[in-house]
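Undergrad:
Spelled out as structure tokens, the structure:
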């Protein structure tokens, strides 16, 4: 329920490949926001992204990617009663900076059939800030921080004529006062799924 659209421009004329992108998504959902509600409230969430990325190639296999993202999230309740009418919008603003080192010598053998090796090491830093353009006196330039470091390595081996054995080794960790929580195992459509709810999300 909702819509999303984006505009992207790539400039690959020089040694550094530049990418500029704008993204907007609006979706609706029904959630129990208030503890004593008998019916769910209609929640509207708007996300706007501005992205700038530069890719510096060392050779045809290795490259360094630098990216900067400005993200604006706005969550609001559609007014259906007095309680939701007085509910203030939840606004989140983030600046995200990232660095990636990528190696990729894979070749395409067919539809979804790769051969070779690819891996990347990456780090990202996210800074949540609170900036009201109508009242700059109440600005908080660092309301929450999160850092991420990780790697992702994949090796594809041709086993039979139309078969590929894919091996993957990946890891990631976060730090800061808004760090992620990670769950290992399972899949999106797993039957009879079980999860550990010891830690609140």
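Residue numbers (our numbering): -8 to 192. Note that the Cβ used here is the ideal one computed from N, Cα and C, for glycine as well.
Report buried or exposed for residue 117, applying the criterion of at least 16 other Cβ atoms within 10 angstroms of its Cβ.
TA: So residue 117 ends up on the buried side.
Undergrad: Determine, using beta carbons only, whether residue 97 and residue 105 come nearer to each other than 7 Å.
TA: Yes, the Cβ-Cβ distance between residue 97 and residue 105 is below 7 Å.
Undergrad: With which residues is residue 123 paired in a DSSP beta bridge?
TA: DSSP, once it has assigned bridges, lists no residue as partnering residue 123.
Undergrad: Nearest-angstrom Cα distance between residue 234 and residue 30?
TA: No statement about residue 234 is possible, as the shown extent of the chain runs from -8 to 192 and does not include it.
Undergrad: If you check the beta carbons only, do residue 51 and residue 66 fall under 7 Å apart?
TA: Taking 7 Å as the Cβ cut-off, residue 51 and residue 66 do not qualify as a contacting pair.
Undergrad: Short of 6 Å in beta carbon distance, which residues of its chain neighbour residue 138, apart from the five on each side in sequence? Order them along the chain.
TA: Result list for residue 138: 116, 166, 167, in chain order.
Undergrad: Would you mind stating whether residue 141 and residue 162 have Cβ atoms separated by less than 7 Å?
TA: Yes. Within cutoff.
Undergrad: Using the Cα positions of residue 33 and residue 27, report the straight-line distance between them to the nearest angstrom.
TA: Roughly 15 Å between the two C-alpha positions.
Undergrad: Taking DSSP as the reference, what is the three-state secondary structure of residue 176?
TA: Coil at residue 176, not helix or strand.
Undergrad: Taking 7 Å as the cut-off, decide whether the C-beta atoms of residue 219 and residue 46 are in contact.
TA: Past the edges of the chain, shown from -8 to 192, lies residue 219, and the structure says nothing about it.
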